[in-house]
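Residues in the sequence shown are numbered from 2 upward in steps of one, following my numbering.
Below you'll find the structure, written out as structure tokens, and then a few comments.
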Amino acid sequence: MEEKWLVGVDLGGTTIKMAFISLEGDILHGWEIDTDKREKGLHIPAAIAASIDQKLEELEQTKNRLMGIGIGAPGPVNEKDGSIEGAINLGWGKFPLQTILERETSLPAVVENDANIAAIGEMWKGAGGGARNLICVTLGTGVGGGIIVNGEIVHGVNGAAGEIGHITSVPKDGARCNCGKQGCLETVASATGITRLAQAELSSSDQPSLLRDYDAITAKLVFDAANEGDELAKRVIHEVAFHLGLALANLANGLNPEKIVIGGGVSRAGDSLLAPLKREVARFAFPRVAQGVEIVPAALGNNAGVIGAAWLAKEKIMNKSIGQNGVLGIGHGS
Ligand code: ZN
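Take a look at the structure:
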């Protein structure tokens, strides 16, 4: 019998990344489509289904080839029925994603939060390297997180576990966060946050800096300037590393993870961020926790999400359904 494929889907506010993935976690065919946000995102599941059909046709395959779909979406997930509690980026209020996607595709589907599928992808095929206790943090426009304990994503009581970006890092007079709080880690360790910190440094001192040559500061410019020895930029990076290191060390003290995986666009700064970050984590972590943990850059880049989604499809649909019902049933977690 020919080997079955998994479908991994990483649903974002602008694009939907999709892939057919082998049971071993290798991407066989990857592609992406634009996110159709018309009518409050109502057409998204149908667009995913149509795109899968079209790709199968291109590859001269039938749907029998596919075992199931794993999908990551930007919002808290209700584990019981695979619905999204609300995804502002997509225009969704409470949205029964699993039910609609299963109806549109005639395939079993598993729904998870997008930061969590990226964490699972890194655990399975990326920087996790077999570790079953890891913290993943994604430093992009915002700061996302996923926590895996004993190989399982931690969801918490109502699906909001792993919100590392909203750990309060600046308790006094911190910048306003999108979540409504002030001083969240996201306000200092995201690309937006780094830019803001640099602008504050530039306006509060007369110190010469390469950054003064630019009209618009970006996080990348700050890292580039720091790499060229710019003192003001280096101070900004150290402030970022301090807040990120403090938050991650405190989280690690509670979880004693084997790996902390750092991903997202900001992590491309490489050692100019990782080296000071490692020092700060070592400083703030309980000694035995610090000994046990390794801080590593993410390895899968933008593919972490689809790979993690496929892993979920494989685990939840294949193993659990066969194990519990004796047949390949639809649905999970009940
Ligand atoms: Zn926040």
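Idealized CB from N, CA, C, for every residue including glycine.
Being a predicted model, the structure only gives us computed values, none of them experimental.
Assign residue i to one of two classes, buried (16 or more other C-beta atoms within 10 Å of its C-beta) or exposed (fewer than that).
i: Lys18; result: buried
i: Thr106; result: buried
i: Gln99; result: buried
i: Leu60; result: exposed
i: Glu164; result: buried
i: Lys315; result: buried
i: Gly166; result: buried
i: Gly332; result: Residue placement at Gly332 cannot be trusted, given a pLDDT of 42 that sits under 50; what the coordinates show is reported in the next sentence. Buried is the call here.
i: Leu329; result: With a pLDDT of 43 at Leu329, under the threshold of 50, the predicted position of this residue should be treated as unreliable, and no value is reported.
i: Pro109; result: buried
i: Lys95; result: exposed
i: Thr36; result: buried
Just confirm the distance between the C-beta atoms of residue i and residue j, as a whole number of angstroms; I'd bet it's less than 8 Å.
i: Gly354; j: Ala116; result: Lying outside 2 to 335, the shown extent of the chain, residue 354 is not represented and no answer is given.
i: Ala253; j: Ile261; result: 7 Å
i: Gly69; j: Leu7; result: 7 Å
i: Ala176; j: Arg197; result: 6 Å
CA-CA distance, residue i and residue j?
i: Ala1; j: Gly76; result: Past the edges of the chain, shown from 2 to 335, lies residue 1, and the structure says nothing about it.
i: Gly293; j: Ala300; result: 20 Å
i: Leu247; j: Gly131; result: 26 Å
i: Thr219; j: Gly141; result: 12 Å
i: Ala51; j: Ala119; result: 24 Å
i: Gly264; j: Arg39; result: 31 Å
i: Ala234; j: Tyr215; result: 13 Å
i: Gly1; j: Asp11; result: Nothing can be reported for residue 1: it is not among the residues displayed for the chain, which extend from 2 to 335.
i: Gln55; j: Ala48; result: 10 Å
i: Leu133; j: Ile154; result: Per the sequence shown, residue 133 should be read as Arg rather than Leu. Straight-line Cα distance between these residues: approximately 10 Å.
DSSP beta-bridge partners for residue i?
i: Met19; result: Val10 and Trp32
i: Val112; result: Ile72
i: Lys260; result: Leu135 and Glu295
i: Val144; result: Leu140
i: Ala88; result: Trp93
i: Val237; result: Per DSSP, none; premise fails for Val237.
i: Cys185; result: Thr169
i: Val78; result: Ile85
i: Ile149; result: Leu135 and Ile154
Legend entry - Check your reading: residues with Cβ closer than 6 Å to the ligand ZN heavy atoms: Cβ atoms closer than 6 Å to the ligand ZN belong to His167, Cys178, Cys180, Lys182, Cys185 and Glu187.
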